[in-house]
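Reviewing the structure listed below.
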Amino acid sequence: MTRQLLLAGLASLSLLALPGCTRTTQTPSGTDETAGSPAPGTLGAALLGSRWVVLSADGRELAAARGEVDIHFPEPGRIAGQGPCNRYMGSYDEPDGEFRVGQAASTMMACEEEAMNDEQAFLALLGEVERAWIDGDRLQLVTGDGRQIYAERR
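Under mature numbering (1 follows the signal peptide of the UniProt record, and there is no 0), the residues of the sequence shown are numbered -17 to -1, 1 to 137, in order.
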């Protein structure tokens, strides 16, 4: 009986380890891609490794207490940057030709009230993005109801 429980437990553990296994494949462009990672779509591939300075969010400039408000795409499926007060990080997905940003997490430093309010509004807006495109050195992120974030490549 004990042996059967031990074998059942080991079998269960091996099943839990399977999702962590990955394999590396060669993409048509010749770059390595790890299976199981979010595969960047056309836009995601163009954004990979880029930095964008936010020019406006929902039609207005942001009060930045700590330098420029920016957006980085450090790796496939990941978004990060500096908000008006705090650093933030999150994820994005490209289902069915759309570009959706997930809810972002951020550090919790205090700063001026105007910048804090702008940060809350910016992160909420970023979390509602459903479409995005690049036009030259400009990035446009658009929510389902048409509100926009404009950024410039740096």
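We treat Cβ as the ideally placed atom computed from N, Cα and C, and that holds for glycine. Quick caveat, the model's predicted, so the values are computed rather than measured.
Problem set entry | Residues sharing a beta bridge with residue 89, DSSP | 71
For this session: Taking residue 85 and residue 66 to be in contact with their CB atoms under 8 Å, please state how far apart those CB atoms are, rounded to whole angstroms.
Result: Their Cβ separation, rounded to whole angstroms, is 16 Å, which puts residue 85 and residue 66 out of contact at 8 Å.
For this session: Name the one or two DSSP bridge partners that residue 104 has.
Result: Its beta-bridge partners do not exist; DSSP assigns none.
Exercise. On the three-state DSSP scale, how would you describe residue 79?
Worked result: helix
Problem set entry | C-beta contact flag for residue 130 and residue 35 at 8 Å | no
Exercise. So what does DSSP say about residue 27, is it helix, strand or coil?
Worked result: helix
For this session: Report the rounded CA-to-CA distance for residue 89 versus residue 57, giving the unit in angstroms.
Result: 16 Å
For this session: Kindly indicate which residue of 41, 68, 99 has the alpha-carbon position closest to the one of residue 123.
Result: 41
For this session: Identify the continuous beta strand (DSSP E) that holds residue 45 and give its terminal residues.
Result: Premise fails: residue 45 is in no beta strand (DSSP E) and is neither H nor E.
For this session: Look at the alpha carbon of residue 77 and the alpha carbon of residue 27, and state the distance between them as a whole number of angstroms.
Result: 8 Å
Exercise. With DSSP run on the structure shown, which of helix, strand or coil describes residue 140?
Worked result: For the chain, the structure presents residues -17 to 137; residue 140 sits outside this window and is missing.
Problem set entry | Reduced DSSP secondary structure (H/G/I, E/B, other) of residue 117 | strand
For this session: Give the straight-line distance between the Cα atoms of residue 59 and residue 82, rounded to the nearest whole angstrom.
Result: 13 Å
Exercise. If you follow the beta strand (DSSP E) that residue 53 is part of, which residue opens it and which one closes it?
Worked result: 53 to 55
Problem set entry | Beta-carbon contacts of residue 91 that lie in its chain and below 8 Å, excluding the five residues immediately before and after | 69
For this session: Report the partner residues of residue 124 according to the DSSP bridge assignment.
Result: 115, 132
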